[in-house]
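Chemist: Using the numbering used here, read the sequence shown as starting at 62 and increasing by one per residue.
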Amino acid sequence: MLQRLALFPTLKSDPELHPFRPALFFSLLNALAWQIAVGTPMILFAGQLGATPFQVGLAYSFIFILSPVQVLSTVLLPRYGFKAVMLGGWNVRTFFLLVPTLLTVLAMRGAAPWMVPVFIGSIFFFCLFRAIGTAAHPAWFFAILPVRARGRFFANDQMVQAVACVGTLLVSAAMFALLPVYTALLGQYLMALVAFTLSYYSLKKLPDAEKPVSISLRTVMRDTPRFLFAPSHFRSYVWMVVLYAIITTPIPPFVAYYLKVGVKLPNEQIILFEILRYLGVMVAAALIRRRIDVTGAKPFFIISCGLYLLVGLYWCLFLRTGLGGIAGVAVIYFVLGMGVATWTVANFNYLPKVVSAQERTLAISIHSAVNLCLGGFSPIIWGFFLKGGDGGAPSMDPGTLLWVFITLAVGSIALSLWAARLTEDKSHPVEPILFGNAILRPFRAATYLINLIEPGSLGPKTSPDKKP
């Protein structure tokens with residue numbers, strides 16, 4: 062029984078998956094580090110330095126709006142191979158994590174205005190080189206994993222990332238509660254640096270795969286307008302998901318920022334709310350993943366819209382009346398996590414049904430890049446209007462934030478009506494697009510679908526049944 066529950070398979074418990082233990086250690090360490098580098102601690106650090114809502118929205122959006130870089134980076138794979146591209150991107154991005162680490166030390170003597178743009182710039186370059194490395198990530202793992210072991214690997218991958226995400230947030234909350242704020246942030250960034258370094262060496266232990274043949278950028282430029290604008294079920298679905306991305310992407314950063322600078326909750330309290338959001342994700346994913354094959358995706362799109370409508374209405378009331386207080390905010394964080402997971406599982410189940418097998422790679426890449434990029438501009442635009450008073454302290458205008466949630470509520474109703482009109486053929490099951498981190502971090506997981514590598518071009522350099 063214990064062997065079945067083991068997150069890291071041994072030679073005895075799973076000899077087929079055992080050679081890929083370094084990939085699972087990478088997932089664990091990487092999830093720990095990105096939670097700090099581009100998650101809620103990053104938003105809290107920005108607010109502590111005095112960043113405006115626009116600057117917070119900008120930093121949060123980099124991982125999305127840099128998705129075209131990932132498309133361009135795919136052309137490096139046929140020349141340099143999966144391993145070299147991913148190791149290069151991961152190695153360089155770690156250096157840019159040194160900048161906020163040093164800023165925590167300098168800020169102990171007093172935060173200065175110049176620190177905010179330097180911090181935002183470090184996040185930009187961190188996300189830039191992440192985009193380059195991510196171009197190789199999913200295709201490389203698919204190429205080296207034995208076909209029979211992929212399902213087990215991604216199940217374990219999801220579990221280790223869940224442990225890392227929740228564990229990191231708990232440690233971060235404890236640091237904020239027990240230490241001065243900049244000392245706590247220094248400890249978190251040092252932890253992230255160690256994790257990123259160890260994750261890099263975990264990647265180095267994995268075997269490379271044969272260099273792939275990528276879809277040419279000329280083909281992408283030629284076919285993208287057809288996918289996005291020619292009448293089809295795919296076109297309708299793409300623009301539905303774009304609307305979803307636009308109304309939902311701003312919610313996590315601006316809620317955390319408002320709770321810090323508006324409600325003035327302690328950092329550890331906000332971190333604990335984020336843990337509740339993850340618990341909502343896990344509960345929803347566990348409830349629907351087995352049911353969706355029977356019912357289809359459409360009912361879950363509508364359920365997700367209902368959950369987002371509840372989130373929007375609650376925050377409208379909270380901003381006006383303080384409804385529910387801390388307990389109400391805790392519950393709505395959990396509901397938000399359920400809404401995110403429900404939409405994500407439905408999306409990854411439905412998307413393969415609206416593209417042909419021949420065009421699946423390019424169509425899914427276009428779908429992901431468009432909704433990420435357009436959705437990523439949403440926090441930037443809202444952040445421009447959300448700045449509060451003209452004082453020196455960071456602030457957020459509750460009246461403008463109210464419109465963010467009104468937009469969420471109205472958009473959720475529009476999405477539910479749109480989803481109700483989708484056509485779905487359940488008579489011919491299609492394998493859903495699911496991998497380890499897709500449920501746990503759906504706002505970023507879609508970046509892994511931006512891939513111009515045809516599955517048929519992947520081949521392991523070593524026998525998949527032998528230890529690399």
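We treat Cβ as the ideally placed atom computed from N, Cα and C, and that holds for glycine. Owing to the predicted nature of the structure, the values given are computational and were not obtained by experimental measurement.
Let me confirm a value: T523 is counted as buried when at least 16 other C-beta atoms fall within 10 Å, else exposed. Which label applies?
Modeler: Residue placement at T523 cannot be trusted, given a pLDDT of 43 that sits under 50; the coordinates are not used to answer.
Chemist: CB I276 to CB E515, shorter than 8 Å?
Modeler: Note that the C-beta distance between I276 and E515 is below 8 Å.
Chemist: Taking only the alpha-carbon atoms, compute the straight-line gap between S260 and L267 and give it to the nearest angstrom.
Modeler: 11 Å
Chemist: Measuring CB to CB, does L110 end up less than 8 Å from M169?
Modeler: no
Chemist: For A407, I'd like the list of residues in its chain whose CB is within less than 6 Å of its CB, leaving aside the five on either flank, ordered along the chain.
Modeler: Cβ neighbours of A407 beyond the five flanking positions: A358, F361 and F362.
Chemist: Which value, in whole angstroms, describes the spacing of the CA atoms of Q330 and T403?
Modeler: 25 Å
Chemist: What's the C-alpha gap between V316 and G373?
Modeler: 11 Å
Chemist: According to DSSP, simplified to helix, strand and coil, what is M457?
Modeler: strand
Chemist: Counting along the chain, where does the alpha helix (DSSP H) carrying S365 start and finish?
Modeler: Its alpha helix (DSSP H) spans residues K359 to T382.
Chemist: Measure the C-alpha to C-alpha separation of L138 and E271 and round it to an integer number of angstroms.
Modeler: 10 Å
Chemist: Can you tell me the Cα-Cα spacing of Y243 and P207, whole angstroms?
Modeler: 45 Å
Chemist: Take every Cβ of the segment 78-92, pair it with every Cβ of the segment 234-241, and state whether three or more of those distances are shorter than 8 Å.
Modeler: no
Chemist: Measure from the alpha carbon of L469 to the alpha carbon of each residue in L348, L397, V324 and S122, then state which is nearest.
Modeler: Measuring from the Cα of L469, the nearest candidate turns out to be L397.
Chemist: For the alpha helix (DSSP H) that contains N91, what are its first and last residues?
Modeler: R82 to A98
Chemist: Can you give me the Cβ contacts of F180 inside the same chain, cut-off strictly under 8 Å, excluding the 5 residues immediately before and after it?
Modeler: F106, A107, L110, A112, A120, V160, P161 and L164
Chemist: Given this structure, state the Cα-to-Cα distance separating F187 from Q131, to the nearest angstrom.
Modeler: 13 Å
Chemist: Among Y394, A430 and T382, which has the Cα closest to the Cα of Y509?
Modeler: A430
Chemist: Span of the alpha helix (DSSP H) holding V392?
Modeler: G386 to Y411
Chemist: Could you spell out where the alpha helix (DSSP H) holding R482 opens and where it closes?
Modeler: Segment: none, R482 is in no alpha helix (DSSP H) and carries neither H nor E.
Chemist: Let me know if A173 comes out buried or exposed under the rule of 16 or more other beta-carbons within 10 Å of its beta-carbon.
Modeler: Exposed: under 16 other Cβ atoms inside 10 Å.
Chemist: Starting from Q222, follow the alpha helix (DSSP H) in both directions and report where the run begins and ends.
Modeler: R211 to L239
Chemist: Could you tell me whether the segment 137-156 touches the segment 451-465, where touching means 3 or more Cβ pairs closer than 8 Å?
Modeler: no
Chemist: Below 8 Å between beta carbons: does that hold for G472 and I308?
Modeler: In this structure, G472 lies near I308, with their beta-carbon atoms less than 8 Å apart.
Chemist: Between G449 and the rest of its own chain, which residues show a CB-CB distance below 7 Å, the 5 nearest in sequence each way excluded?
Modeler: Closer than 7 Å at the Cβ level, and outside the excluded window around G449, lie S456, M457 and D458.
Chemist: May I have the straight-line CA-CA distance separating T405 from L72, to the nearest angstrom?
Modeler: 34 Å
Chemist: Closest to G228 by CA distance: which of A253, F215 and A210 is it?
Modeler: The option with the nearest alpha carbon to G228 is A253.
Chemist: Let me know if A225 comes out buried or exposed under the rule of 16 or more other beta-carbons within 10 Å of its beta-carbon.
Modeler: buried
Chemist: For T258, I'd like the list of residues in its chain whose CB is within less than 8 Å of its CB, leaving aside the five on either flank, ordered along the chain.
Modeler: T155
Chemist: Who are the Cβ neighbours of G248 in its own chain at under 8 Å, not counting the five residues just before and after it?
Modeler: M236 and L240
Chemist: On the criterion of 16 or more Cβ atoms from any shown chain inside 10 Å, does S417 qualify as buried, or is it exposed?
Modeler: S417 should be labelled exposed.
Chemist: Output the distance between the C-alpha atoms of R279 and S134, rounded to the nearest integer angstrom.
Modeler: Cα to Cα, the separation comes out at about 14 Å.
Chemist: So, under 8 Å CB-CB, Y298 and L337 are touching, yes? Tell me the CB distance rounded to an integer number of Å.
Modeler: Not confirmed; about 31 Å, so no contact.
Chemist: Going by DSSP in three states, K321 sits in which element: helix, strand or coil?
Modeler: When DSSP states are grouped into helix, strand and coil, K321 belongs to the helix group.
Chemist: Does the distance from the C-beta atom of L85 to that of N217 stay below 8 Å?
Modeler: yes
Chemist: What residue range does the alpha helix (DSSP H) around E329 cover?
Modeler: N328 to I349
Chemist: Is it true that the CB of Y375 sits closer than 8 Å to the CB of G389?
Modeler: A Cβ-Cβ contact shorter than 8 Å links G389 with Y375.
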